[in-house]
Amino acid sequence: MALRGLAISLAFAFLLSGAAKKTTGTARGENEDLILNVTIFTDPAAVKEALGDDLGGHYIVAQVKVEPKYTKEIVIDRDDFLLRTDKDGDRSKPMAPSQVAGNGGLILTRTQGPGGDGAERSRGWSLGGIGMGGGGGGMGSGADPNNVKATMETSDKKENPLKKMLDANVLPEKKIEEPTTGFLFFPMENQKLKDLELQYGSRENKIRMRFK
């Protein structure tokens, strides 16, 4: 009886592990000019394993290998890529490293009255689009939007380590004749692998890829 119970428990555990959410997938596509091999990372843990940083948990990352056909020269343009989801119809172009890890930011200041100086400051959307509000003075804390002013804050500090790492790993924009590999950073989160489609190229020569 005890052995039977153990067998049932093990079978149940196996089913649970098989139903675990898959967060990494691969796809392959081609057109007349090139072949694409893509690995996509959909959650922060998978992104961190691939890049060494989870990008705040706000990005889906794709590692793309671009292989020209017949040693033909082609031009890589990151804007030719688009990630869309069946979940809600959202779609996104990849962001540049400077957008993901820029040194500037939007500062929200709550004023004490019309024209008054702010007593509380809260960092809102960064230039990379990461994080909305932070701290007690943010828009999300019930502040009157008429008493909030926004100013841009820039930093003269040296290039931050995150941007340096992203610059070193991003899919380069250039002419190529040989296979080239790099990463794309899409500002999208909380998506299932089965819902994602990566598109590349113009309508006449478009590649559409689903992941497995």
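Using mature numbering (1 follows the signal peptide of the UniProt record, and there is no 0), the letters of the sequence shown map in sequence onto residues -22 to -1, 1 to 190.
Think of the CB as a built atom: it goes at the ideal place given N, C-alpha and C, for glycine as much as any other residue.
Query raised in the report: Is the CB-CB distance between K43 and D11 below 9 Å?
Result: To locate residue 43, count along the sequence shown from 1; it is residue 65. To locate residue 11, count along the sequence shown from 1; it is residue 33. Contact flag unset, no.
Report task. Name, in chain order, the residues that DSSP records as bridge partners for E45. Result -> For the purposes of this step, residue 45 is taken as residue 67 along the sequence shown, with counting starting at 1. DSSP lists I13 as the bridge partner or partners of E45.
Query raised in the report: Taking the Cβ atom as the reference point for each residue, do K47 and F59 lie within a distance shorter than 9 Å?
Result: Looking up residue 47 in the sequence shown gives position 69. Looking up residue 59 in the sequence shown gives position 81. Using a Cβ distance threshold of 9 Å, K47 and F59 do not count as a contacting pair.
Query raised in the report: Between which two residues does the beta strand (DSSP E) containing L174 stretch?
Result: For the purposes of this step, residue 174 is taken as the residue at position 196 of the sequence shown. Judged by DSSP secondary structure, L174 falls within the beta strand (DSSP E) whose first and last residues are L174 to Y178.
Query raised in the report: Residues in its own chain within less than 7 Å of E151 by CB, not counting five upstream and five downstream?
Result: Taking the first residue of the sequence shown as 1, we reach residue 151 at position 173. Contacts found: I54, D55 and R56.
Query - Alpha-carbon to alpha-carbon, A23 and A40 - result: Start at 1 with the first residue of the sequence shown, and residue 40 comes out as number 62. Start at 1 with the first residue of the sequence shown, and residue 23 comes out as number 45. Rounded to the nearest angstrom, the two C-alpha atoms are 14 Å apart.
Query - Buried versus exposed, by CB contacts within 10 Å (16 or more), A146 - result: Taking the first residue of the sequence shown as position 1, residue 146 is located at position 168. Burial check for A146: the Cβ neighbour count within 10 Å stays below 16, so the residue is exposed.
Report task. Sort out for me which residues DSSP pairs L61 with in a bridge. Result -> For this step, residue 61 is matched to residue 83 along the sequence shown. In the DSSP secondary-structure assignment, L61 is bridged to S70 and L176.
Query - Contact set for T4: own chain, Cβ-Cβ below 8 Å, skip 5 residues either direction - result: For the purposes of this step, residue 4 is taken as the residue at position 26 of the sequence shown. Same-chain partners within the cutoff: N15, V16, T17, I18, F189 and K190.
Query - Exposed unless 16 or more other CB atoms sit within 10 angstroms - verdict on D66 - result: Reading the sequence shown from its first residue, position 88 is the one you call residue 66. When all chains shown are included, D66 counts as exposed.
Query raised in the report: Using DSSP with H/G/I as helix, E/B as strand and the rest coil, what is E27?
Result: What you label residue 27 is simply residue 49 of the sequence shown in a count that begins at 1. Helix, per DSSP.
Requested in this report: Put K141 into one of helix, strand or coil per three-state DSSP.
Outcome: Position 163 of the sequence shown, counted from the first residue, corresponds to residue 141. Three-state result, K141: helix.
Query raised in the report: Can you tell me the Cα-Cα spacing of K141 and Q169, whole angstroms?
Result: Mapped onto the sequence shown, residue 141 falls at position 163. Mapped onto the sequence shown, residue 169 falls at position 191. Between K141 and Q169, the C-alpha separation is close to 25 Å.
Report task. Give the straight-line distance between the Cα atoms of I108 and L176, rounded to the nearest whole angstrom. Result -> Translated into positions along the sequence shown, residue 108 becomes position 130. Translated into positions along the sequence shown, residue 176 becomes position 198. Residue confidence for I108 is low, a pLDDT of 44 falling below 50, so the modelled location carries little weight; the figure read from the coordinates is stated next. Computed Cα separation, rounded: 22 Å.
Query - Assigned exposure category for G30 - 16 Cβ within 10 Å defines buried - result: Locating residue 30 in the sequence shown gives position 52, where the first residue counts as 1. Exposed: under 16 other Cβ atoms inside 10 Å.
Report task. Starting from the C-beta of T2, find all residues in its chain whose C-beta is less than 6 Å away, skip the five residues before and the five after it, and write them out in chain order. Result -> Locating residue 2 in the sequence shown gives position 24, counting from the first residue. Around T2, the same chain offers F19 and A24 as residues with beta carbons nearer than 6 Å, after the five sequence neighbours per side are excluded.
Query raised in the report: DSSP state of G80, grouped into three classes?
Result: Working through the sequence shown from its first residue, we reach residue 80 at position 102. In the three-state reduction of the DSSP assignment, G80 falls in the coil class.
Report task. Taking I185 as part of the beta strand (DSSP E), name the residues at either end of that continuous run. Result -> Looking up residue 185 in the sequence shown gives position 207. Element bounds for I185: I185 to R188.
Report task. Compute the Euclidean distance between the alpha carbons of E8 and Y37, then round it to the nearest angstrom. Result -> Translated into the one-based positions of the sequence shown, residue 8 becomes position 30. Translated into the one-based positions of the sequence shown, residue 37 becomes position 59. Within the model, the alpha-carbon separation for E8 versus Y37 is close to 25 Å.
Query raised in the report: From what residue to what residue does the beta strand (DSSP E) around T1 run?
Result: Indexing the sequence shown from 1 puts residue 1 at position 23. No beta strand (DSSP E) holds T1; DSSP gives it neither H nor E.
Query raised in the report: Roughly how many angstroms separate the alpha carbons of G160 and V78, rounded to a whole number?
Result: Looking up residue 160 in the sequence shown gives position 182. Looking up residue 78 in the sequence shown gives position 100. Between the C-alpha atoms of G160 and V78 there is a straight-line separation of about 16 Å.
Report task. Starting from the Cα of K136, find the closest Cα among G179, V148, G80 and S180 and give me that residue. Result -> Counting from one through the sequence shown, the residue named residue 136 turns up at place 158. Taking only the C-alpha atoms, the option nearest K136 is G80.
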